[in-house]
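Residue numbers (UniProt numbering): 1 to 209.
For glycine and all other residues, C-beta sits at the position ideal for the given N, C-alpha and C.
Written below as structure tokens is the structure these notes are about.
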């Protein structure tokens, strides 16, 4: 596992290959299965009717829990640009994160337990590096600055949302509903205690498959 340090964020990256026997391609089912195979975690759907609340309350078998919301960004082809615009992709990620923040505030108003946002992408062109760029407000290639979005509205919105979401997990999946890569983003200035974050990581990252 590689660890990268950035202002506000620590990124933990690992590749995990999962043999999936699921036929249902719904993202909520995929995330539910993702947590269940961790063995020490039990995800429970909060409701299927109230979209203002988060998707899951995830309990530890040893006690404690966290809230989880699932977002599935899609690439939208720009006919005028004849491709995928970086600004459009990052703006969409920022919008989805902002929506999730509203849901976490509704579900966990006192922020007494961690808030976890799980992202799912089935397009290899939309991956964890896009989320990283959204957080950093810039796109770099081999340490070379390509685009700077720090003055953009979506970057300011993403910055204002810091602290509401404590942890991000990006899942890269194929069309067979198989997760082949997961990337973890930890908010370094999280409101949660280090003890709670450590408990979360022990159950999510270090759990045996």
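Counted within 10 angstroms of its Cβ, other Cβ atoms place residue i as buried (16 or more) or exposed
| i | result |
| --- | --- |
| residue 210 | An answer regarding residue 210 cannot be provided, because it is not within the stretch 1 to 209 covered by the chain. |
| residue 124 | exposed |
| residue 203 | buried |
| residue 129 | exposed |
| residue 121 | buried |
| residue 110 | exposed |
| residue 52 | exposed |
| residue 210 | Look at the range of the chain in this structure, 1 to 209, and you will see that residue 210 is not part of it. |
| residue 58 | buried |
| residue 261 | Within the shown structure, residues of the chain are numbered from 1 to 209, placing residue 261 beyond reach of any answer. |
| residue 54 | buried |
| residue 176 | exposed |
| residue 133 | buried |
| residue 179 | buried |
Paired residues, beta bridge with residue i - DSSP
| i | result |
| --- | --- |
| residue 70 | 118 |
| residue 44 | 57 |
| residue 65 | 59 |
Closest Cα partner of residue i within the set the options
| i | options | result |
| --- | --- | --- |
| residue 64 | 47, 187 and 42 | 42 |
| residue 114 | 32, 88, 154 and 186 | 186 |
| residue 88 | 149, 145 and 59 | 149 |
| residue 38 | 60, 142 and 137 | 60 |
| residue 135 | 157, 142 and 173 | 157 |
| residue 35 | 46, 118, 91 and 93 | 118 |
| residue 171 | 55, 56 and 127 | 127 |
| residue 169 | 182, 46, 151 and 137 | 182 |
| residue 166 | 75, 139, 141 and 188 | 188 |
| residue 116 | 197, 153 and 137 | 197 |
| residue 153 | 44, 56, 45 and 92 | 92 |
| residue 27 | 66, 74 and 40 | 74 |
| residue 66 | 139, 155 and 104 | 104 |
Distance cut-off 7 Å: residue i Cβ against heavy atoms of the ligand SAH
| i | result |
| --- | --- |
| residue 54 | Only the bare structure without any ligand can be found here, which leaves the ligand SAH out of the picture. |
Review point. Are the region 85 to 100 and the region 149 to 167 touching by the rule of at least three beta carbon pairs closer than 8 Å?
Key: Because the criterion of three Cβ pairs below 8 Å is met, the region 85 to 100 and the region 149 to 167 touch.
Practice item. Please go through the region 126 to 203 and give each complete alpha helix (DSSP H) segment of 4 or more residues, from N-terminal end onward. Key: Within the region 126 to 203, the complete alpha helix (DSSP H) runs of at least 4 residues fall at 128 to 136 and 153 to 160.
Check your understanding: On the three-pair Cβ rule with 8 Å, is the region 55 to 71 touching the region 26 to 41?
Key -> Contact between the region 55 to 71 and the region 26 to 41 is present, because at least three Cβ pairs lie under 8 Å.
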